[in-house]
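A.B. asks: Questions regarding the structure given below will be posed in turn.
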Amino acid sequence: MSKVIYRYLRYAYLRRKLRCYILQEQKKRFDLMMKGEFDAKDNLPVAFFIKFQAKYKLKIGEMGILLREIIWHTPFWGYQNGIVVNWIYPSFDYYSDLEVLRVMLPTSDEILHQLEGKDEMLFPILVERFIQQRLYLFIDS
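The numbers in the sequence shown follow UniProt numbering, run straight up by one, and end at 141.
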C-alpha cells in the first residue's frame, strides 16, 4: 500500500512540475510571438519534453502518462490552466500509446506487439481507461 501512495504522490508532484515547465516555455514563446520572432503554429519540440524526462529519470511511457493526464483530466485541462494543448499533441507520436502500455503492462510486451496492428482504436481506449482509473499506480515495474 505504501508503494501506491508513493507513486500517487510522485505522479502528483511530476504533473505539477511538468505543468509549470510547459507554462514557462509557453511564456517565452508568447513573448517571442509578440516580437514577431515566433510562429504560433510551431509546436513544442519533443526535445523539450526529453529534457524534462531526463531530469526526473522517467521512462518514455511515464512521460506519456503525465502528458495525457495534463491534457485529459479536469484540474489540468488545457483551457482551464493556460496550456496550449495544440502545441503538445504532436509529441504524442513519440510518446505513443504503445510506450504508455509498456509501462502499464510490463510483462505483456509480446502480446502488445501481436495486438498492435489489429485494431487502431484498441490502444488509445486502453490507455485512456488506465489513466482515467489511475491503474498505473498499482503496477510494479
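All C-beta atoms, glycine included, are put in the ideal place defined by N, C-alpha and C.
As an exercise, report each continuous alpha helix (DSSP H) stretch of at least 4 residues that is fully enclosed by the segment 23-58, in chain order.
C.D. replies: 46-55
A.B. asks: By the 10 Å Cβ neighbour count, where 16 or more other Cβ atoms means buried, how is S91 classified, buried or exposed?
C.D. replies: buried
A.B. asks: What is the C-beta distance between I83 and L23, in whole angstroms, given that I count them as a contact (C-beta under 8 Å)?
C.D. replies: 7 Å
A.B. asks: Shorter than 8 Å from the beta carbon of Q24 to some beta carbon of chain B?
C.D. replies: Absence of chain B from the displayed structure is noted, only one protein chain being present.
A.B. asks: When the distance is taken between beta carbons, is V4 closer than 8 Å to F138?
C.D. replies: yes
A.B. asks: Should M63 go down as buried or exposed, given a rule of 16 or more other Cβ atoms within 10 Å for buried?
C.D. replies: By the 10 Å Cβ count, M63 comes out buried.
A.B. asks: Count Cβ pairs between the segment 87-103 and the segment 45-60 that sit closer than 8 Å; are there 3 or more?
C.D. replies: yes
A.B. asks: Less than 8 Å separating the beta-carbons of L105 and L115?
C.D. replies: no
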